[in-house]
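Numbering-wise, the sequence shown is residues 129 to 456 according to this note's numbering.
The beta carbon of each residue, even a glycine, is placed where N, CA and C say it ideally should be.
Below you'll find the structure, written out as structure tokens, and then a few comments.
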Amino acid sequence: MYLIIAVVVLALGFDYINGFHDTANAIATSISTKAMSPKIAILLAASMNLLGALSFTGVAKTIGKGIADPAQLSNGMWIVVAAMVSAIIWNLITWWYGIPSSSSHALIGSLTGAVIASAGFSQINYGGFISILKSLVLSPIIALVLGFIIMLAFLWLFKNFAPAKMTRNFRAFQVLSAAFQAYLHGTNDAQKAMGIITFALVAGGFQDTMDIPLWVKFAAAAAMALGTASGGMRIIRTVGRGIMKMQPVNGFAADVTSAIVIGGATYLKLPVSTTHVISSAIMGVGAAKGFNKVKWDVAGRIVMTWIITLPLTAVLAALVYWVLSIFF
Numbered sequence: 129m130y131l132i133i134a135v136v137v138l139a140l141g142f143d144y145i146n147g148f149h150d151t152a153n154a155i156a157t158s159i160s161t162k163a164m165s166p167k168i169a170i171l172l173a174a175s176m177n178l179l180g181a182l183s184f185t186g187v188a189k190t191i192g193k194g195i196a197d198p199a200q201l202s203n204g205m206w207i208v209v210a211a212m213v214s215a216i217i218w219n220l221i222t223w224w225y226g227i228p229s230s231s232s233h234a235l236i237g238s239l240t241g242a243v244i245a246s247a248g249f250s251q252i253n254y255g256g257f258i259s260i261l262k263s264l265v266l267s268p269i270i271a272l273v274l275g276f277i278i279m280l281a282f283l284w285l286f287k288n289f290a291p292a293k294m295t296r297n298f299r300a301f302q303v304l305s306a307a308f309q310a311y312l313h314g315t316n317d318a319q320k321a322m323g324i325i326t327f328a329l330v331a332g333g334f335q336d337t338m339d340i341p342l343w344v345k346f347a348a349a350a351a352m353a354l355g356t357a358s359g360g361m362r363i364i365r366t367v368g369r370g371i372m373k374m375q376p377v378n379g380f381a382a383d384v385t386s387a388i389v390i391g392g393a394t395y396l397k398l399p400v401s402t403t404h405v406i407s408s409a410i411m412g413v414g415a416a417k418g419f420n421k422v423k424w425d426v427a428g429r430i431v432m433t434w435i436i437t438l439p440l441t442a443v444l445a446a447l448v449y450w451v452l453s454i455f456f
């Protein structure tokens, strides 16, 4: 019983950190363009994250059974403990340095590494793992291309509008797009902690199916919302200002792009990195205005973190699991 309590606490702790780590995904562009103050934007994101987290469970089930079958793992709860510790460590390190790393990559890499350390490569569900990996890899590429196309369309459609009028109108639109994006963030990101907790419940014999209990939904949604309400200004500055100089029309184009990609992934019950989707959308939007408008050194740092997160967190989780196995 104590072990399942520890698992739930760690999973909700991860969800809380995920909230302030990934707050930037929904509101960085709106804060950067002064469409909303940081305080209002963060409160809006928190409330919409909560609503989104309570709306869907498809992604949670994909996380819970896509990488490994919890019913077949003899040390399933210790696997989850190791995965959570690894993902939390990685999130805190990248948050401290203001790097918009992916909580999704950290979680999936950590869970995979812990399963391998405990039960070997044979226990990995390669079909599910590859499906998840494809969604993580392809979604930023789709966001980059789509952001480029949408921004080109906006430049053509509004080429004869007065700049001051465009700025005023798109700032108003950004409030709506930020709210919708925060909602979609909740529908995808909060599901991951729900899936992990349910994974542990099945592995520990507390339930037989991957149906998400109501208390898990509310606990994960609340943890995500509280984390979001805590802010995360280090990463907000990197996403909102570090990649390109943002104007309201750019911010709205990036918001629309990421909302389409994240919403599509949630509909398909696939986890994506909301961090990398919005970062890639901003890169695509910036490139449409001119490749010199994007700060490619910052973009390169984001992409490099995207590449290394999965393998490094897998190794870290394996090390954590081995340490836990020595002491417990």
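Simplified DSSP assignment, three categories, for residue i
| i | result |
| --- | --- |
| VAL384 | helix |
| VAL422 | strand |
| TYR449 | helix |
| ASP143 | helix |
| GLN375 | coil |
| ALA163 | coil |
| LEU201 | coil |
| ILE216 | helix |
| VAL137 | helix |
| TYR225 | coil |
| ILE270 | helix |
| VAL431 | helix |
| ALA290 | coil |
| VAL400 | coil |
| SER407 | helix |
| THR185 | coil |
Whole-angstrom distance between residue j and residue i, CA atom to CA atom
| i | j | result |
| --- | --- | --- |
| LYS167 | SER158 | 12 Å |
| LEU396 | ILE236 | 18 Å |
| ILE221 | THR437 | 12 Å |
| GLN375 | ALA382 | 11 Å |
| GLY355 | ASP425 | 29 Å |
| VAL431 | GLY241 | 22 Å |
| HIS149 | TRP223 | 6 Å |
| LEU329 | SER408 | 35 Å |
| GLN200 | ALA331 | 7 Å |
| ALA188 | ILE324 | 8 Å |
| VAL405 | GLY392 | 12 Å |
| MET176 | ILE145 | 17 Å |
| ALA292 | LEU283 | 15 Å |
| LYS193 | LEU261 | 14 Å |
| MET294 | LEU171 | 26 Å |
| SER160 | ASN288 | 25 Å |
| PHE380 | ALA169 | 14 Å |
| ILE454 | GLY333 | 24 Å |
| THR394 | THR402 | 11 Å |
| ILE410 | PHE456 | 46 Å |
| SER165 | ILE133 | 38 Å |
| LYS423 | ILE278 | 20 Å |
| SER263 | VAL377 | 28 Å |
| ILE227 | THR433 | 8 Å |
| LEU444 | ILE217 | 9 Å |
| TYR349 | LEU178 | Going by the sequence as given, residue 349 is Ala instead of Tyr. Using only the alpha carbons, I get a separation of about 5 Å. |
| ALA318 | MET352 | 6 Å |
| ASN219 | ILE435 | 15 Å |
| SER305 | MET322 | 26 Å |
| LEU440 | LEU131 | 26 Å |
| PHE301 | TYR449 | 47 Å |
| SER358 | GLY147 | 8 Å |
| LYS162 | LEU447 | 44 Å |
| GLY186 | LYS421 | 38 Å |
| ILE340 | LYS320 | 11 Å |
| MET338 | PHE327 | 7 Å |
| PRO198 | LEU398 | 19 Å |
| ALA156 | GLN335 | 40 Å |
| LYS373 | LEU266 | 26 Å |
Close-in-space but distant-in-sequence residues of the same chain around residue i (CB under 6 Å, 5 per side omitted)
| i | result |
| --- | --- |
| TRP412 | The residue asked about is misnamed: residue 412 is Gly in this sequence, not Trp. Cβ within range, chain order: LEU272, GLY275 and PHE276. |
| ALA215 | PHE142, ALA234, LEU235 and SER238 |
| ALA442 | GLY237, THR240 and GLY241 |
| ALA416 | PHE276, MET279 and LEU280 |
| GLY314 | ASN177, GLY180 and ALA181 |
| ALA174 | ALA353, THR356 and ALA357 |
Sequence-distant residues of the same chain with beta carbon closer than 8 Å to residue i, five excluded per side
| i | result |
| --- | --- |
| GLY256 | THR190, LYS193, GLY194 and ILE195 |
| ILE252 | ILE195, ALA196, THR240, VAL243 and ILE244 |
| ARG429 | ILE227 |
| MET212 | VAL135, LEU138, ALA139, GLY141, PHE142, SER238 and ILE324 |
Proximal residues to residue i (C-beta, below 7 Å), its chain only, five neighbours per side dropped
| i | result |
| --- | --- |
| VAL476 | There is simply no residue 476 to check, as the chain begins at 129 and stops at 456 in what is shown. |
| VAL297 | Reading off the sequence shown, one finds Asn at residue 297, where the question assumed Val. Correct list: empty, nothing qualifies. |
| ALA483 | Only positions 129 to 456 of the chain appear in this structure, which leaves residue 483 out of reach. |
| SER230 | SER401, THR403, HIS404, TRP434 and THR437 |
| ALA154 | ALA173, ALA306, GLN309, ALA310 and HIS313 |
| ASN316 | VAL187, ILE390, ALA393, THR394, PRO399, VAL400 and THR402 |
TODO: Would you be able to state if there are at least three C-beta pairs under 8 Å between the segment 135-155 and the segment 266-281?
DONE: Here the segment 266-281 does not lie against the segment 135-155, with fewer than 3 beta-carbon pairs under 8 Å apart.
- [ ] Kindly confirm or deny that the segment 204-216 and the segment 259-271 touch, where touching means at least three C-beta pairs closer than 8 Å.
- [x] Short answer: they don't touch.
- [ ] Inspect the CB distances between the segment 333-347 and the segment 170-190 and report whether three or more fall short of 8 Å.
- [x] For the pair of segments examined, the segment 333-347 was found to touch the segment 170-190: the number of CB pairs separated by less than 8 Å reaches three.
TODO: Please determine if the segment 385-395 and the segment 308-326 are in contact, where contact requires at least 3 C-beta pairs separated by less than 8 Å.
DONE: Taking a cut-off of 8 Å for Cβ pairs, the segment 385-395 and the segment 308-326 touch, as three or more such pairs fall below it.
- [ ] Kindly provide the ranges of any beta strand (DSSP E) runs that are 3 or more residues long and lie completely inside the segment 298-370, ordered along the chain.
- [x] If only uninterrupted beta strand (DSSP E) runs of at least 3 residues are considered, none is enclosed by the segment 298-370.
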